[in-house]
Structures are given as structure tokens and as C-alpha cells.
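Scroll down for the structure; my scribbles are underneath it.
Numbering (the numbering used here), first residue to last: 31 to 290.
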């Protein structure tokens, strides 16, 4: 029997005087795309930070592929999972290719030049995110959406079996949102990568995700296949919103229609 990607048991966490989680438990399966949805402030980004090992809970346990997450050293985590936060850190003004190359850090020995495998991974990530022609461009010359794609390219260049993304479609226009989600779908299907991402748009989650977790006030409202997790009942429970959920005539996926 395959171990789940993450098993979260009785997670408790308090930040800034606010209780984010109090005995939260959930299971995230291996493989495919898992979307985490819910209203602002419900704990989606914090959960992803806990899964990435950058936020330690006050209590509870998280296992990664059957092993306690806390037993993984930072380098081991970076070789297993790439994490792209909602607000990436401010970096010096460098070239697009220079920043994407930082994704190879977990695989390189100190002071060693980039290897052929490193260059291949960087070029592949730039091509996948449609940034090859901008490799020499300075970050300061890019739009917000372009910078978002550069950070995604960095995560792809890290070449890990697991990718954690916090609102990867933020700042992207509709065309690039769909292009990005199709790419993630392809990575999951063709390369058997496990991808967990926070999304705001329920219809996009239903269209591209295999599994959906719905959170509200630090509680798990729904979890399961997208077709079962996104229903009028769960939309109401998550957002206090009356909505109809229909099937897309082309893909057969759930589409949310808020009522007036």
C-alpha cells in the first residue's frame, strides 16, 4: 500500500495571538494535483508552509511519504520538494536565467560551476514557462505576471518529485493561468510528480485538480476527488454562498455558478 504524500495529525498552531489550527487532521494522497481552497484567512498558506517545513506547528505531527517531516534535513527537503510561497523573497536585480539557476542549489556542491544536468534543467524550466527569450532580461524589466512565471521556473528547475505552490496563478492573466495549470497537469500526468497548490478559483480547481481540500477557520470542510468535494453544499459551507454546480460539457468537471 502506498504511503500518502502527507499525513497531518492533530495539528495545532497559534500565530500573532490567533489560533490558526486546533487539532487539524488531513491526508494528502501521492500523485496528481491536490488543490487547497477556502476563503481568505482560513489557513491555506499556513498549511502549505507547514508542509514545506518552513513553519513549525505548536503541536501535532506531519509525515511525508511515511516519514516524520521533522527528520528531514533542509537539503533533503529541498531535494524532495520545491516550495513557492505566495510572496517570494525580494532578490537583487539579476537576470531571469540567473534567478532560475538558483533552483539548482540543492543539487550542487559548494563553489562548483553548473553542470550539464544543471543547464538542461534550467533550459527546460525556462522553456516550460515560456521564458527562454527572456533569459538575459533583468528582473526589474518584467511585469508582475512575468516575475511570477520566473519564480515558477525556479521551482521547476529544482526538479523535485513534489511541488508546493501558494497561489501560483496570482498576477497572471487568464491565458497564462491556463497555460500554467496545463503545464502542472502535464507534470503530474507524464512525470508522476505530486503537486499541491493553493487556489482561489473553485472552477479552476475543479477543472485541473484530482483532489480538493476545502478549509474554513482552520477546519477541514471537504476533502476528496474534485467532483465530490465541489458541491453546492460545500460551496455554502466554505463561503456562505449559494451556488449551483454543473458539469462542464467538454471535460465533465465541476463548474460553480453563484446565484444572484
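Just so you know, even glycine gets a beta-carbon here, dropped at the ideal spot from N, CA and C.
If you look at residue 147, you'll find it in the alpha helix (DSSP H) that goes 146-158. Under the DSSP definition of a beta bridge, residue 97 partners with 94. Boundaries of the beta strand (DSSP E) around residue 226: 224-228.
Burial is judged here by how many other beta carbons sit within 10 angstroms of a residue's own beta carbon; residue 74 has at least 16 and is buried.
Here residue 100 is exposed. Its C-beta has fewer than 16 other C-beta atoms within 10 Å. When DSSP states are grouped into helix, strand and coil, residue 49 belongs to the strand group. Out of 44, 41, 72 and 57, the CA that lies nearest to the CA of residue 254 is found in 57.
With three or more CB-CB distances shorter than 8 Å, the stretch 123-133 counts as touching the stretch 180-199.
Under the DSSP definition of a beta bridge, residue 125 partners with 168. The residues 33, in chain order, have a CB closer than 7 Å to that of residue 96 in the same chain once the five nearest residues on each side in sequence are set aside. Inter-residue distance for residue 36 and residue 42 is about 16 Å (C-alpha atoms, whole angstroms). With contacts defined by Cβ atoms closer than 8 Å, residue 156 and residue 162 form a contacting pair. Annotation for residue 138: no beta strand (DSSP E) segment contains it, and DSSP assigns it neither H nor E.
Rounded to whole angstroms, the Cβ separation of residue 111 and residue 192 is 4 Å, and the two are in contact under 8 Å.
For residue 188, the number of other beta carbons within 10 angstroms of its own is at least 16, and it is reported as buried. In the same chain as residue 145, and ignoring 5 residues on each side of it, the C-beta atoms closer than 8 Å to its own belong to 138, in chain order. Take residue 123, set aside five residues on each side of it, and the residues of its chain with a beta-carbon closer than 8 Å to its own are 168, 169 and 170, in chain order.
Our two residues, residue 39 and residue 248, have alpha carbons roughly 13 Å apart in a direct line. For residue 32, there is no enclosing beta strand (DSSP E), as DSSP marks it with neither H nor E.
Shown here for residue 266: same chain residues with a beta carbon closer than 8 Å to its own, the five before and five after excluded, namely 272 and 273 in chain order. If you draw a straight line from the Cα of residue 232 to the Cα of residue 66, it comes to about 10 Å. The DSSP assignment places 241-246 and 249-255 as complete runs of the beta strand (DSSP E) inside the stretch 235-267, in order along the chain (cut-off: 3 residues). In the assembly as shown, residue 241 is a buried residue. Its beta-carbon has 16 or more other beta-carbons within 10 Å.
Going by beta carbons, residue 51 and residue 84 fall outside the 8 Å limit. Beta-bridge annotation (DSSP): residue 287 is paired with 274. The Cβ-Cβ distance between residue 224 and residue 46 does not fall below 8 Å. Per DSSP, residue 73 lies in no alpha helix (DSSP H) and is assigned neither H nor E. Short of 6 Å from the beta carbon of residue 236, and not among the five residues preceding or following it, lie these beta carbons of its own chain, in chain order: 256, 260, 283 and 284.
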